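A.B. asks: Residue numbers (the numbering used here), protein chains in the order written: chain A, 19 to 361; chain B, 14 to 356.
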């Protein structure tokens with residue numbers, strides 16, 4: 019038994035046990051399981067690309083990319099512009115991504131340059147640079163010259179709305195694409211396929227020779243240097259890919275959620291993504307697609323099941339409290355492990 | 014010294030646009046200095062000991078709030094209530110500080126990000142205790158403290174009974190003389206403390222852990238003591254802060270403590286490695302001056318107070334981000350230089 023727990027990893031063991039207990043409680047409380055499973059699938063699909071964005075960062079050696087908000091803001095700008103031009107459906111989605119990705123690439127490049135001059139403190143610096151950008155963009159959202167009535171307050175008030183409804187634009191385009199039912203469970207095929215495409219690209223890249231040199235640069239800088247790999251360049255590459263994935267991730271997330279969340283919403287967005295990949299078995303030094311998939315399923319399932327179960331037995335905000343404890347607990351656990359061993 | 018000078022210029026220009034009379038600003042600043050200085054000073058020892066900025070003073074603030082909730086439960090007010098809450102918060106703060114120190118010893122080189130995540134994590138536990146366990150497992154005598162369901166502590170607790178109990182202890186003028194005296198005593202204590210054997214050990218550990226270890230200093234123990242004192246001062250600082258404010262926001266008062274205290278210290282010209290009472294005093298003054306004037310300046314200059322509000326949050330995050338970048342950058346630069354000599 020002890021060997022089994024060791025192989026599985028202690029935090030994962032705890033979370034799986036906790037999840038099973040919650041599931042049992044849900045059955046006992048007559049909460050329909052088919053709804054829960056449908057929710058889990060959607061929550062998995064909408065968060066998975068944001069979690070995937072952690073992979074290139076960790077592989078390139080910058081650790082957890084706490085500056086995920088940078089990419090997210092580029093994604094939001096892309097979506098806002100496509101709504102401004104009244105684009106909807108798949109066209110809206112792709113235009114959003116086409117605007118967001120280059121912005122994120124530029125932002126990621128500059129941020130990667132900066133990270134190269136603060137080696138060893140990437141996570142602390144990234145966190146506060148992220149916070150600064152989010153709070154600076156709060157001013158931008160107030161002053162940005164958008165005109166569409168979908169985006170700005172109907173009367174009174176300045177600037178963009180705090181939440182922008184996507185009802186008339188890209189809401190659920192991926193969720194509904196080729197969606198079908200098995201029994202009472204809805205499979206959001208488009209959403210899952212979209213993640214699969216990006217996961218496949220990231221996987222192929224990390225297996226290629228370019229991806230290999232990025233991983234070598236991340237795991238052992240000196241060794242990479244002596245083999246003629248430009249470590250600084252590889253780190254920038256990892257940061258750029260991570261930021262671009264974050265910008266696409268938030269667009270996918272928002273279309274599933276049905277709303278764009280502006281202002282302070284992106285502030286803590288790196289936390290759940292970091293927690294998910296660490297729960298999946300990644301460390302500060304090593305992360306793979308498998309960690310993304312396992313971690314996102316476990317973490318999101320926990321949140322989905324916890325919500326209705328805990329609402330029955332306690333106050334409403336309790337599931338939020340559990341989210342805070344689990345996500346920060348796992349990050350704390352990873353930070354205090356020696357030499358970046360798997361969490 | 015460049016940072017405080019820039020802030021001084023921003024403040025002078027800004028206060029020119031607020032149209033506020035100078036005497037009003039001065040009064041406001043004296044009050045704000047009195048209520049914030051102890052919190053800012055609580056950050057100094059961990060910086061000296063080489064732990065960087067201790068974002069986990071949030072836990073100290075929680076200890077202070079726990080004590081305030083306890084005295085409100087027994088309806089003890091006035092100076093007695095204040096002193097009792099200081100007394101009650103002490104064991105909690107020592108325990109929390111010890112735990113924080115233990116965790117930070119396991120995350121050497123990543124103390125700042127770890128202390129920050131630790132603050133978030135502790136906030137989750139704090140909410141769990143006060144939302145779920147109070148009124149169920151922990152008996153609460155004063156029914157006014159409980160939510161209407163009988164479980165959990167209410168969101169805002171009126172501290173009218175102890176309001177101004179320290180500020181107006183010496184009623185010779187409208188200013189909080191006693192509170193300022195406490196801060197001065199603390200400054201003097203800190204000054205002499207750093208000259209003692211323990212204080213010198215802290216400096217040595219902060220300078221170079223390995224050399225300190227070789228010269229027979231118990232590094233781990235010294236670091237823990239430093240964090241314990243920091244947490245304790247933060248607990249007392251939070252009580253002093255709240256006796257001036259007069260209401261306790263049960264689930265929110267502690268959240269921004271770390272952010273504002275750290276930003277204040279850095280605005281004063283402190284760095285991740287160097288801080289003293291001078292930077293604390295100057296920084297608290299400048300940061301809070303900016304805090305008072307920026308919404309009004311935003312209103313007058315741009316016709317929108319909201320911009321000023323966002324601006325001051327941006328300044329808080331931005332100054333922390335910038336000084337972390339500069340510090341890591343300088344450290345890396347000196348490292349490269351050493352490396353060049355070796356080769």
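The beta carbon of each residue, even a glycine, is placed where N, CA and C say it ideally should be. Since the model is a prediction, treat every value here as computed from it, not as a measurement.
When the Cα atoms are used, what is the spatial distance from residue 20 of chain A to residue 249 of chain B?
C.D. replies: For residue 20 of chain A and residue 249 of chain B, the distance between alpha carbons rounds to 44 Å.
A.B. asks: Under the three-state reduction of DSSP, which class applies to residue 286 of chain B: helix, strand or coil?
C.D. replies: DSSP places residue 286 of chain B in coil when its eight states are reduced to three.
A.B. asks: On a CA-only basis, which of A:221, A:97 and A:248 is nearest residue 234 of chain A? Give me that one, please.
C.D. replies: Closest option to residue 234 of chain A, Cα to Cα, is A:248.
A.B. asks: Scan the region 233 to 308 of chain B and note each continuous alpha helix (DSSP H) run of 4 residues or more that stays entirely inside, going in chain order.
C.D. replies: You should have 270 to 280.
A.B. asks: Can you find the residues in the same chain that come closer than 8 Å, C-beta to C-beta, to residue 95 of chain A, ignoring five residues on each side of it along the sequence?
C.D. replies: Result list for residue 95 of chain A: 117, 118 and 121, in chain order.
A.B. asks: By DSSP, does residue 181 of chain A sit in helix, in strand, or in coil?
C.D. replies: In this structure, residue 181 of chain A counts as strand in the three-state DSSP scheme.
A.B. asks: I'd like the list of long-range same chain contacts for residue 260 of chain B, defined as Cβ closer than 8 Å, with 5 residues on each side in sequence excluded.
C.D. replies: Hits under 8 Å: 169, 170, 171 and 172.
A.B. asks: Taking only beta-carbon positions, decide if residue 244 of chain B is within less than 8 Å of chain A.
C.D. replies: No, residue 244 of chain B lies away from the interface with chain A (no Cβ there is under 8 Å from its Cβ).
A.B. asks: Would DSSP call residue 159 of chain B helix, strand or coil?
C.D. replies: Residue 159 of chain B falls in the strand class under three-state DSSP.
A.B. asks: How many angstroms separate the CA atom of residue 351 of chain A from the CA atom of residue 130 of chain B?
C.D. replies: In a straight line, the C-alpha of residue 351 of chain A is about 10 Å away from that of residue 130 of chain B.
A.B. asks: Give the residues of chain A in contact with residue 338 of chain B, contact being defined as C-beta atoms less than 9 Å apart.
C.D. replies: The contacting residues are 132, 135, 136, 139, 143, 146 and 147.
A.B. asks: From residue 322 of chain B to residue 26 of chain B, what does the alpha carbon distance come to, in whole angstroms?
C.D. replies: When rounded, the distance between both Cα atoms is 17 Å.
A.B. asks: Which value, in whole angstroms, describes the spacing of the CA atoms of residue 256 of chain A and residue 203 of chain B?
C.D. replies: So the two alpha carbons sit approximately 45 Å from each other.
A.B. asks: So, are the CB atoms of residue 69 of chain B and residue 245 of chain B less than 8 Å apart?
C.D. replies: No. Outside cutoff.
A.B. asks: Looking at residue 222 of chain B: is its Cβ nearer than 8 Å to the Cβ of residue 239 of chain B?
C.D. replies: Not in contact: residue 222 of chain B and residue 239 of chain B (Cβ atoms no closer than 8 Å).
A.B. asks: Nearest chain A C-beta to residue 53 of chain B closer than 8 Å, yes or no?
C.D. replies: It does not; no Cβ of chain A falls within 8 Å.
A.B. asks: Closer than 8 Å, Cβ to any Cβ of chain A: which residues of the region 108 to 138 of chain B, in chain order?
C.D. replies: The region 108 to 138 of chain B vs chain A, Cβ under 8 Å: 116, 119, 120, 122, 123, 125, 126, 127, 129, 130, 131, 133, 134, 136, 137 and 138.
A.B. asks: Using a Cβ cut-off of 7 Å, pull out every chain A residue sitting near residue 333 of chain B, in sequence order please.
C.D. replies: Those are 146, listed as they occur along chain A.
A.B. asks: Check whether the Cβ atoms of residue 277 of chain B and residue 297 of chain B lie closer than 8 Å to each other.
C.D. replies: In contact: residue 277 of chain B and residue 297 of chain B (Cβ atoms closer than 8 Å).
A.B. asks: Going along the region 278 to 298 of chain B in order, which residues come within less than 7 Å of chain A, judged by CB to CB distance?
C.D. replies: The residues in question: there are none.
A.B. asks: What residues in its chain sit with their C-beta under 8 Å from that of residue 82 of chain B, if we drop five residues either side in the sequence?
C.D. replies: So the list reads 143, 158, 166, 170, 261 and 263, once near-sequence residues are dropped.
A.B. asks: Span of the alpha helix (DSSP H) holding residue 266 of chain A?
C.D. replies: Start and end: 249 to 275.
A.B. asks: Examine the Cβ distances between the region 236 to 245 of chain A and the region 143 to 153 of chain A and report whether three or more of them are shorter than 8 Å.
C.D. replies: Result no; under three Cβ-Cβ pairs closer than 8 Å.
A.B. asks: Where are the alpha helix (DSSP H) runs, 4 residues long or more, that stay fully inside the region 33 to 110 of chain B, in chain order?
C.D. replies: Complete alpha helix (DSSP H) runs here, min 4: 35 to 54, 57 to 61 and 70 to 86.
A.B. asks: Using the three-state DSSP reduction, which class does residue 65 of chain A fall into: helix, strand or coil?
C.D. replies: Of the three classes helix, strand and coil, the one that applies to residue 65 of chain A here is helix, per DSSP.
A.B. asks: Determine the direct distance from the alpha carbon of residue 337 of chain A to that of residue 284 of chain B, and round the result to whole angstroms.
C.D. replies: Residue 284 of chain B and residue 337 of chain A: Cα-Cα distance of roughly 38 Å.
A.B. asks: Buried or exposed: where does residue 192 of chain B fall if 16 or more other Cβ atoms within 10 Å of its Cβ makes it buried?
C.D. replies: Answer is buried; the Cβ neighbour count reaches 16.
A.B. asks: Residue 37 of chain A to residue 136 of chain B, Cα distance in whole Å?
C.D. replies: Going from the Cα of residue 37 of chain A to the Cα of residue 136 of chain B covers about 22 Å.
A.B. asks: Alpha carbon to alpha carbon, how far is residue 302 of chain A from residue 291 of chain A? Give it in angstroms, no decimals.
C.D. replies: Cα-Cα distance, rounded: 13 Å.
A.B. asks: Starting from residue 317 of chain A, find everything on chain B with Cβ-Cβ shorter than 8 Å and list it in chain order.
C.D. replies: Per Cβ cutoff of 8 Å: no residues; residue 317 of chain A is ~15 Å from chain B at best.
A.B. asks: Taking residue 159 of chain A as the reference, which of A:56, A:284 and A:219 has the closest Cα?
C.D. replies: The shortest Cα separation from residue 159 of chain A among A:56, A:284 and A:219 belongs to A:284.
A.B. asks: Could you please give me the residues that DSSP links to residue 199 of chain A through a beta bridge?
C.D. replies: According to DSSP, residue 199 of chain A bridges with A:204.
A.B. asks: With a threshold of 8 Å between beta-carbons, can residue 156 of chain A be considered close to chain B, or not?
C.D. replies: Chain B, which has a Cβ nearer than 8 Å to the Cβ of residue 156 of chain A, makes this yes.
A.B. asks: Could you compute how far the alpha carbon of residue 166 of chain A sits from the alpha carbon of residue 308 of chain B?
C.D. replies: For residue 166 of chain A and residue 308 of chain B, the distance between alpha carbons rounds to 28 Å.
A.B. asks: For chain A, is any of its Cβ atoms less than 8 Å away from the one on residue 30 of chain B?
C.D. replies: Chain A contact via Cβ: absent.
A.B. asks: Under a three-way DSSP split, which group does residue 169 of chain B fall into?
C.D. replies: Residue state, collapsed to three classes: strand.
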